[in-house]
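Student: Line order of the protein sequences matches chains G and U.
Sequential numbering from 1 applies to the first sequence in our numbering.
Sequential numbering from 172 applies to the second sequence in our numbering.
Every residue gets a Cβ at the ideal spot worked out from N, C-alpha and C, and that includes glycine.
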Amino acid sequence: MSARSLLAFLAVLAVVGLLAFGLLNKGATKIAVGEAVPDKVLPALPGPGHGSIAKYRGKWVLVNLWASWCIPCRQEAPVLQRFYERNKAHNTTVVGINVQDNEDDARAFLREHPTGYPQLRSIGNERSAAFGSTGVPENFLVEPDGDLALIWRGPVDDQFLRERVTPLIEG
Amino acid sequence: MKRALLIALCLLALPAAAAAAPTHPAPQTTVNAIEAEVMCPICGTLLELAESPQARREKVFVAKLVAAGKSKAEVKDALVAQYGPSVLALPKASGFDLSAYLVPILAIAIAVVVLAFSVLRWRRSGRDNEPSAADAAADAPQGEDAERLEADLSRYDL
Chain G
1 MSARSLLAFL
11 AVLAVVGLLA
21 FGLLNKGATK
31 IAVGEAVPDK
41 VLPALPGPGH
51 GSIAKYRGKW
61 VLVNLWASWC
71 IPCRQEAPVL
81 QRFYERNKAH
91 NTTVVGINVQ
101 DNEDDARAFL
111 REHPTGYPQL
121 RSIGNERSAA
131 FGSTGVPENF
141 LVEPDGDLAL
151 IWRGPVDDQF
161 LRERVTPLIE
171 G
Chain U
172 MKRALLIALC
182 LLALPAAAAA
192 APTHPAPQTT
202 VNAIEAEVMC
212 PICGTLLELA
222 ESPQARREKV
232 FVAKLVAAGK
242 SKAEVKDALV
252 AQYGPSVLAL
262 PKASGFDLSA
272 YLVPILAIAI
282 AVVVLAFSVL
292 RWRRSGRDNE
302 PSAADAAADA
312 PQGEDAERLE
322 ADLSRYDL
């Protein structure tokens with residue numbers, strides 16, 4: 001094999017290697033029921049202070065990813081608030097995580113749709129990526145030990161919470 | 172007297188009125204200039220091409236900052252603070268996106284090496300083709316030709 005052929009072979013190999021590396025790295029984060037919930041300390045919304053899902057270890061936590069520009073999130077907010085009010089005395093809470101949004105819009109959303117449950121704010125899509133999220137809203141039920149019990153990529157309503165979430169919480 | 176008092180009051184009121192007037196800082200950049208250089212993170216396209224609900228809110232955010240007299244760099248910093256670094260139309264310096272920075276550097280390095288080798292080969296082949304002293308002596312005109320060349324050269328000698 002001549003030096004020129006070897007060089008061409010190495011160049012092709014480098015391009016193929018780069019493409020393969022890209023395909024392996026571009027895949028979204030996969031999370032699954034039974035795995036630990038992705039968690040991180042985040043700024044509280046509207047603040048001050050910080051919070052995380054781990055803060056509620058020992059409780060069932062319904063994590064809700066939302067954004068102010070998301071129309072289904074507006075319809076979902078009162079549903080989640082009702083769920084929270086019904087279940088807060090039963091070792092259960094809701095944690096909202098605002099994603100892919102700007103803070104002013106997020107605050108305005110919470111003024112319009114006040115929630116009694118804690119709200120956190122993620123800058124950009126950092127938390128969405130951690131949850132393997134493809135959009136908003138998305139909901140994740142976390143067991144008291146911190147493992148995922150249910151993943152629901154879409155909005156929830158009263159019927160869904162009654163039929164799919166409540167039986168898990170009540171065991 | 173009344174007139175003088177009125178004028179004095181007007182003069183006193185002037186600075187207060189000026190201070191109360193709304194100030195509009197001169198824009199340092201344009202909304203279009205920003206939108207052409209930042210991303211709609213949800214859509215994965217330039218903001219100027221995006222029409223999603225998130226893009227519309229991002230455009231409002233940009234417009235507010237431009238109207239407040241912020242520079243392009245300040246607007247971009249504010250966008251990163253709100254939407255994360257993916258809002259800039261720049262690939263990440265980690266994972267696969269790192270190749271966007273490395274590949275051009277590698278390509279330039281390879282091009283430099285190839286060019287250096289080519290120049291060396293070209294110079295070496297040029298030296299090999301240079302005529303030797305013996306070749307030059309053999310090619311030199313002999314006898315009658317040499318005399319005629321000498322005569323011609325001395326005729327044009329300045």
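1) In the DSSP assignment, find the alpha helix (DSSP H) that holds G/Gly-132 and state where it starts and stops.
2) Excluding five sequence neighbours on each side, which residues of the same chain lie with their C-beta closer than 8 Å to the C-beta of U/Ala-271?
3) What are the partner residues of G/Thr-92, as DSSP defines its beta bridges?
4) If contact means a Cβ-Cβ distance below 9 Å, which residues of the stretch 100-127 of chain G contact chain U?
5) Quick one: what does DSSP say U/Leu-261 is sitting in, helix, strand or coil?
6) Which residue or residues does DSSP assign as beta-bridge partners of G/Ile-151?
7) Could you check which residue in G/Asn-139, G/Glu-35 and G/Phe-109 has the C-alpha nearest to that of G/Phe-83?
8) Starting from the Cα of G/Phe-109, find the closest Cα among G/Pro-72, G/Leu-42 and G/Gly-135 and give me that residue.
9) State the DSSP-derived secondary structure class of G/Val-41, mapped to helix, strand or coil.
10) Chain G partners of U/Ile-167, CB-CB under 7 Å?
11) Report the rounded CA-to-CA distance for G/Asp-105 versus G/Ser-68, giving the unit in angstroms.
12) So which residues on chain G does U/Ile-213 lean against when the C-beta distance must stay under 7 Å?
13) In chain G, what lies closer than 7 Å to U/Gly-297 by C-beta?
14) So U/Tyr-254 contacts chain G; which residues on that side make the cut at Cβ distance below 9 Å?
15) Quick check on G/Ile-97: does DSSP put it in helix, strand or coil?
16) Applying the 10 Å Cβ sphere with the 16-neighbour rule, what's the burial state of G/Trp-60?
17) Check the C-beta distance from G/Gly-124 over to U/Gly-266 and give it rounded, since I have them as a contact under 8 Å.
18) Could you have a look at U/Gln-313 and say whether DSSP puts it in helix, strand or coil?
19) Starting from U/Arg-292, find everything on chain G with Cβ-Cβ shorter than 9 Å and list it in chain order.
20) Look at the alpha carbon of G/Ile-169 and the alpha carbon of U/Leu-220, and state the distance between them as a whole number of angstroms.
21) Could you list the residues in the stretch 45-75 of chain G with a C-beta less than 8 Å from some C-beta on chain U, going in chain order?
22) How would you list, in chain order, the residues of chain U whose beta-carbon sits under 7 Å from the beta-carbon of G/Leu-18?
23) Could you tell me whether the stretch 312-329 of chain U touches the stretch 44-52 of chain G, using the rule of 3 or more Cβ pairs below 8 Å?
24) What separation, rounded to the nearest whole angstrom, lies between the Cα atoms of U/Val-202 and G/Gln-159?
25) Just the chain G side, please: which residues come within less than 8 Å of U/Val-258 by C-beta, in chain order?
Tutor: Reading off the structure:
1) Where G/Gly-132 is concerned, there is no enclosing alpha helix (DSSP H), given that its DSSP letter is neither H nor E.
2) Pro-262
3) Answer is G/Trp-60, bridged to G/Thr-92.
4) Gln-100, Asp-101, Asn-102, Glu-103, Asp-104, Asp-105, Ser-122, Ile-123, Gly-124, Asn-125 and Glu-126
5) coil
6) In DSSP, G/Ile-151 forms a bridge with G/Phe-140.
7) G/Asn-139
8) G/Pro-72
9) coil
10) The structure shown does not extend to residue 167 of chain U, since chain U is modelled only from 172 to 329, so the question has no answer here.
11) 6 Å
12) Gln-100
13) The contacting residues do not exist; U/Gly-297 stays about 21 Å from chain G at best.
14) Gln-100, Asp-101, Asn-102, Ile-123, Gly-124 and Asn-125
15) strand
16) buried
17) That pair is no contact at about 16 Å.
18) coil
19) Result: empty, since nearest Cβ-Cβ is about 12 Å, beyond 9 Å.
20) 45 Å
21) Ala-67, Ser-68, Trp-69, Cys-70 and Ile-71
22) Ser-270
23) Note that the stretch 312-329 of chain U does not touch the stretch 44-52 of chain G; fewer than 3 beta-carbon pairs, one per stretch, sit closer than 8 Å.
24) 44 Å
25) Gly-124
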